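In our numbering, the protein residues as written are 16 to 90.
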């Protein structure tokens, strides 16, 4: 993937997560955050992690541990 395409995907993903973060924060304050919401948060975080990795930002310390987490929640 070229840099422009990666930048677009990363930006789009971050914009989508921004909206979801406000929703998750509201649900958390109201005590309505459930497993489904938590799995979606983790899924979105992993998608962003992968995009950052493609861009060249490797901030994940233990990639194998992250893969185990992904498998445990069915991503």
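In this text, a Cβ means the ideal position worked out from N, Cα and C, and glycines have one as well. All values derive from a computational prediction rather than experimental measurement.
By the Cβ-count criterion, residue 42 is exposed, with fewer than 16 other Cβ atoms from all chains shown falling within 10 Å of its own Cβ.
Our two residues, residue 64 and residue 58, have alpha carbons roughly 10 angstroms apart in a direct line. For residue 45, no alpha helix (DSSP H) encloses it, and the DSSP letter there is neither H nor E. Distance between residue 48 and residue 56, taken at the CA atoms: about 11 angstroms. When rounded, the separation of the alpha-carbon atoms in residue 39 and residue 28 is 16 angstroms.
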